[in-house]
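Sequential numbering of the sequence shown, starting at 72, is according to our numbering. A short worksheet on the structure shown next.
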Amino acid sequence: MFCSWSVELKVFVLNYSKVSFLFRALGQLDSLPEKEQQEIQKALHLFSLGTSLPKTLQQAKNHTYRFWDTQPVTKLGDHVTTHGPVEEVDASIRSEPCLLPQGFSWDTLDLSSPFVLGELSHLLNENYMEEDDNTIRFNFSPEYLLWALQPPNWLLQWNLGVRVDANKKLVGFIAAVPADVRIYETKKRLVQVRFLCVHKKLRLKRMTPVLIRELTRRVNQQGVYQAVYAAGTVLPTPISSCSQWHRPLNPRKLMEVNYPGLKQNMNLQRALKFNRLPEVTKIKGLRPMTEADAPRILSLLEKNLSNFHLSPLLSLQEVEHWYLPKENVNDTYVVEADNGTLTDMVSFYTVSSRVLNHPVHTGLRAACLLYAVCNTTGVADLMEDTLVLAKSKGCDVFCALDVMDNMSFLEKLKFTISDKSVHYYLYNWKCPLMSPDKVLTTVMSPLAKRHFCLSGPVMIFHPFHFR
Numbered sequence: 072m073f074c075s076w077s078v079e080l081k082v083f084v085l086n087y088s089k090v091s092f093l094f095r096a097l098g099q100l101d102s103l104p105e106k107e108q109q110e111i112q113k114a115l116h117l118f119s120l121g122t123s124l125p126k127t128l129q130q131a132k133n134h135t136y137r138f139w140d141t142q143p144v145t146k147l148g149d150h151v152t153t154h155g156p157v158e159e160v161d162a163s164i165r166s167e168p169c170l171l172p173q174g175f176s177w178d179t180l181d182l183s184s185p186f187v188l189g190e191l192s193h194l195l196n197e198n199y200m201e202e203d204d205n206t207i208r209f210n211f212s213p214e215y216l217l218w219a220l221q222p223p224n225w226l227l228q229w230n231l232g233v234r235v236d237a238n239k240k241l242v243g244f245i246a247a248v249p250a251d252v253r254i255y256e257t258k259k260r261l262v263q264v265r266f267l268c269v270h271k272k273l274r275l276k277r278m279t280p281v282l283i284r285e286l287t288r289r290v291n292q293q294g295v296y297q298a299v300y301a302a303g304t305v306l307p308t309p310i311s312s313c314s315q316w317h318r319p320l321n322p323r324k325l326m327e328v329n330y331p332g333l334k335q336n337m338n339l340q341r342a343l344k345f346n347r348l349p350e351v352t353k354i355k356g357l358r359p360m361t362e363a364d365a366p367r368i369l370s371l372l373e374k375n376l377s378n379f380h381l382s383p384l385l386s387l388q389e390v391e392h393w394y395l396p397k398e399n400v401n402d403t404y405v406v407e408a409d410n411g412t413l414t415d416m417v418s419f420y421t422v423s424s425r426v427l428n429h430p431v432h433t434g435l436r437a438a439c440l441l442y443a444v445c446n447t448t449g450v451a452d453l454m455e456d457t458l459v460l461a462k463s464k465g466c467d468v469f470c471a472l473d474v475m476d477n478m479s480f481l482e483k484l485k486f487t488i489s490d491k492s493v494h495y496y497l498y499n500w501k502c503p504l505m506s507p508d509k510v511l512t513t514v515m516s517p518l519a520k521r522h523f524c525l526s527g528p529v530m531i532f533h534p535f536h537f538r
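In structure tokens:
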């Protein structure tokens with residue numbers, strides 16, 4: 072992490088001797104008790120606040136992007152009216168891997184190995200993203216990671232790890248999965264970039280740009296030259312930006328862990344009353360998706376996807392992979408009419424997080440909206456039943472973005488807008504900007520750490536040393 076003298080003094084509660092101790096302790100952080108580790112990481116986070124990447128386009132105008140200025144992306148301020156690659160394809164692709172700092176080496180991760188999958192889960196759970204006060208961390212299960220990283224046509228060489236030569240410890244990771252996407256009227260085979268992660272103690276080594284360059288090289292070797300990704304910060308240059316919304320399902324628990332999204336003017340009893348949901352669903356014919364439903368769901372999706380400027384083009388196998396319910400990973404429900412026709416569908420995935428150093432609670436579960444199609448059922452009615460179902464499965468909060476036509480139900484169903492944004496980007500592809508209601512996120516919606524939801528298949532870049 073890096074230190075900034077511009078951070079206001081009021082954020083510091085440590086005297087000079089304690090700060091010196093914290094930096095000396097970094098070398099032996101893993102040997103300290105967990106509570107002391109959290110205090111150190113929290114203090115170091117305060118030092119890094121002053122140098123984070125810009126969160127708004129206005130802030131971005133005064134920022135220098137050392138890495139992104141070298142990449143084939145549109146520049147901030149450019150007015151784009153055409154469609155096509157930023158750079159033409161270079162036939163000469165480097166055959167040798169990019170160089171890592173001395174003492175580190177590349178490793179292609181075979182996630183069919185339970186041991187390797189466990190290593191990746193541990194790296195992400197300890198280092199991916201955490202709540203700003205270091206009280207919440209993601210808790211990725213092996214089942215979730217396999218779902219996110221192994222859709223149809225995934226490639227082993229796109230699961231890219233970095234290990235320490237001395238002890239073979241996994242300290243870095245980035246991945247990509249193939250996807251067919253429609254951008255306005257152009258259909259493109261590209262990749263979705265996922266789970267960029269560098270160990271906290273190694274972020275001064277600027278490994279992130281090297282990870283991206285090496286993944287780019289490996290993707291280019293397969294004849295793919297474009298990518299889609301997302302970030303909670305402003306990089307050059309968003310094609311669309313949206314806001315995050317969240318709806319409490321378990322207000323008591325969220326208040327007890329100081330969840331930041333609750334209305335501040337409510338006591339517990341008022342929050343319970345305000346956020347009360349029906350005990351059961353009310354839509355006739357609503358049931359869980361089965362494998363036999365996949366072809367009809369694909370038909371529903373294909374009829375609806377043409378309404379958007381950015382949307383996935385899914386195969387039957389991809390529908391089965393992304394939408395068939397998997398316990399503690401994702402859920403999909405359909406509405407079946409009396410004549411057997413599927414008229415509507417809704418899907419969400421579940422993200423678990425650990426609550427650190429709390430006397431009662433050890434975890435949180437967030438349901439994140441994946442996609443909804445409403446032909447005969449009102450969208451607000453379908454989403455209210457979805458909230459009921461998510462709560463019945465033990466979820467504490469429901470998260471969504473104001474993409475697609477989600478604004479038609481967010482306020483009505485008592486979702487609250489957050490101060491966090493998600494920005495969508497295309498790598499080596501330019502097109503005019505698009506409004507959020509014209510964005511159907513490619514497979515899953517990335518939501519930021521503050522609301523306990525993750526990027527899933529679309530990556531949120533981590534800001535540390537990545538400018």
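Where is the CB? At the ideal position from N, CA and C, for every residue including glycine. Owing to the predicted nature of the structure, the values given are computational and were not obtained by experimental measurement.
Nonlocal neighbours in the same chain, by C-beta distance under 7 Å from residue i, ignoring five residues either side
| i | result |
| --- | --- |
| C466 | L320, T421, R436, A437, A438 |
| L348 | L458, V459, K462 |
| F523 | Any reading at F523 must be qualified, since the residue scores a pLDDT of 34, below 50, and its modelled position is unreliable; the value itself is stated next. I207, V422, S424, L435, A437, V468. |
| P168 | W177, E285 |
| I164 | R288, N291, Q292 |
| V90 | Residue placement at V90 is flagged as unreliable, the pLDDT there being 39, under the threshold of 50; a coordinate-derived value is accordingly withheld. |
| T153 | K501 |
Buried versus exposed, by CB contacts within 10 Å (16 or more), residue i
| i | result |
| --- | --- |
| S311 | buried |
| R385 | According to the sequence displayed, residue 385 carries Leu and not Arg. The residue in question, L385, is buried, as its Cβ has 16 or more Cβ neighbours within 10 Å. |
| P540 | Lying before the first or after the last residue shown, residue 540 is absent from the chain, which here runs from 72 to 538. |
| A219 | buried |
| A250 | buried |
| P213 | exposed |
| N477 | buried |
| V160 | exposed |
| I488 | exposed |
| K483 | exposed |
| T304 | buried |
| V351 | exposed |
| E158 | exposed |
| K132 | exposed |
| L440 | buried |
| A443 | buried |
| N230 | buried |
| H392 | buried |
| S370 | exposed |
| F186 | exposed |
| T145 | buried |
| R542 | What is shown of the chain runs 72 to 538, which leaves residue 542 out entirely. |
| G501 | A small correction: the amino acid at residue 501 is Lys; Gly does not occupy that position in the sequence shown. With 16 or more other Cβ atoms within 10 Å, it is buried. |
Cβ-based neighbour list, residue i, same chain, cut-off 6 Å, excluding 5 preceding and 5 following
| i | result |
| --- | --- |
| K509 | F379, H380 |
| T287 | none |
| P322 | A342, L343, N346 |
| W316 | A471, L481, F486, I488 |
| T361 | none |
| W225 | V248 |
Limits of the unbroken alpha helix (DSSP H) element including residue i
| i | result |
| --- | --- |
| M326 | 322-327 |
| E407 | E407 -> not in any alpha helix (DSSP H); beta strand (DSSP E) instead, spanning 401-407. |
| P185 | 185-198 |
| S463 | 450-463 |
| L128 | 128-131 |
Paired residues, beta bridge with residue i - DSSP
| i | result |
| --- | --- |
| S176 | R234 |
| F209 | S424 |
| V252 | K259, P383 |
| M416 | V405, V444 |
| I245 | L231 |
| G148 | BP columns for G148 are empty, so no partner. |
| G411 | In the DSSP output, where bridge partners are listed per residue, G411 has none listed. |
| K276 | Partner(s): none; K276 has no beta bridge. |
Residue interval of the beta strand (DSSP E) (run including residue i)
| i | result |
| --- | --- |
| H494 | 487-498 |
| V437 | The residue asked about is misnamed: residue 437 is Ala in this sequence, not Val. Here the beta strand (DSSP E) through A437 covers 434-445. |
| L472 | 468-472 |
Sequence-distant residues of the same chain with beta carbon closer than 8 Å to residue i, five excluded per side
| i | result |
| --- | --- |
| G98 | Any reading at G98 must be qualified, since the residue scores a pLDDT of 48, below 50, and its modelled position is unreliable; the value itself is stated next. Counting only Cβ-Cβ distances below 8 Å, and skipping sequence neighbours, we find nothing. |
| T433 | R425, V426 |
| V295 | P249, R260, L261, V262 |
| C268 | L194, L195, N198, Y199, G243, F244, I245, H533 |
| T448 | I354, V406, T414, D415 |
| N399 | S212, E214, Y215, T421, S423 |
Exercise for the section: Mind listing, in chain order, the continuous alpha helix (DSSP H) runs of no fewer than 4 residues lying wholly within the stretch 290-376? Expected result: 322-327, 339-345, 365-376
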